[in-house]
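Step one of this worksheet: look at the structure below.
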Amino acid sequence: MKQQEKSESTRQLLIDAAYILFYTNGLQKTSIDNITTKVNLSRGAFYHHFKDKKELILAVIKTKVHSRIYDTMISPLYREGDPVLLLCDTFSKRLKSFTKNEKELGCPLNKFITELNSYKQYNSALMNTINEWEKAIKDILIRAKKEQKINFDTNVSATALFLISAYEGIRTIRKIDENDTKLNEFIEIIIKYIMSL
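Per the UniProt record's numbering, the very first residue in the sequence shown carries number 1; after that it's consecutive.
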């Protein structure tokens with residue numbers, strides 16, 4: 001049992017290190033040696049857990065990238081409370097909570113999509129995260145309709161896609177917006193948009 005726990009701990013250590021390096025340096029500029037050096041492990045230890053870098057990238061997408069979106073943008077939408085206020089709160093709180101480093105680096109999901117879009121083997125894992133996020137927004141909008149908090153004719157699919165696209169867009173623009181003027185304008189307008197549905 002202890003060996004299995006140690007093995008899982010080592011695997012997670014590699015995933016965590018790879019995520020940080022992929023996010024800060026990019027996927028193409030990060031080698032297996034960079035990852036193993038960061039966690040003081042041998043290449044043999046790496047290959048014990050992963051067939052190759054591609055398998056590691058998939059593990060990072062399915063765990064680290066997905067959990068970031070799930071914990072901050074999906075899970076909060078399933079809480080109790082006014083669905084419109086929950087949606088506004090989820091978007092505005094998350095956008096206001098980023099560190100300086102996260103501001104400069106942008107959204108990990110967006111970064112992975114941009115770097116990996118020509119590699120079909122990753123598209124499904126990345127799209128699963130987008131689809132789950134989109135479903136959570138659609139679910140809360142459907143709930144808002146049932147509670148008569150938004151217009152009955154609101155197209156929940158189009159609205160969900162718009163909100164995700166707008167969020168990802170402002171995360172990218174924010175990378176070059178030194179004083180967050182655009183971000184603050186965006187938060188104000190996205191809240192007004194949601195409240196007007």
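The beta carbon of each residue, even a glycine, is placed where N, CA and C say it ideally should be.
Item, Value
"Tell me whether the beta-carbon of residue 17 lies closer than 8 Å to the beta-carbon of residue 38.", "yes"
"Can we say the stretch 87-102 touches the stretch 182-194, given the rule of at least three CB pairs closer than 8 Å?", "yes"
"Can you check the stretch 139-176 for any alpha helix (DSSP H) of at least 4 residues that lies completely inside it and give the ranges in chain order?", "156-174"
"Out of curiosity, what's the CA-to-CA distance linking residue 153 and residue 81?", "22 Å"
"Report yes or no: do the stretch 129-136 and the stretch 157-164 share at least 3 C-beta pairs separated by less than 8 Å?", "yes"
"One question on the structure: do residue 130 and residue 141 come within less than 8 Å of each other, judged by their Cβ atoms?", "no"
"Compute the beta-carbon to beta-carbon distance between residue 86 and residue 79, rounded to the nearest angstrom, for a pair I have assumed lies under 8 Å.", "6 Å"
"In the DSSP assignment, find the alpha helix (DSSP H) that holds residue 36 and state where it starts and stops.", "32-38"
"Whose CA, out of 74, 126, 122 and 105, lies closest to the CA of residue 173?", "105"
"According to DSSP, is residue 88 helix, strand or coil?", "helix"
"Enumerate in chain order the residues of its own chain whose CB-to-CB distance from residue 32 is below 7 Å, with the five nearest sequence positions on each side excluded.", "43, 46 and 53"
"Check each candidate in 23, 64, 84 and 143 and name the one with the smallest Cα separation from residue 114.", "23"
"Where does residue 68 sit, in a helix, a strand or coil, going by DSSP?", "helix"
"Measuring alpha carbon to alpha carbon, tell me which residue in 61, 96, 34 and 41 is nearest residue 184.", "96"
"Buried or exposed, going by whether 16 or more other CB atoms sit within 10 Å of the CB of residue 119?", "exposed"
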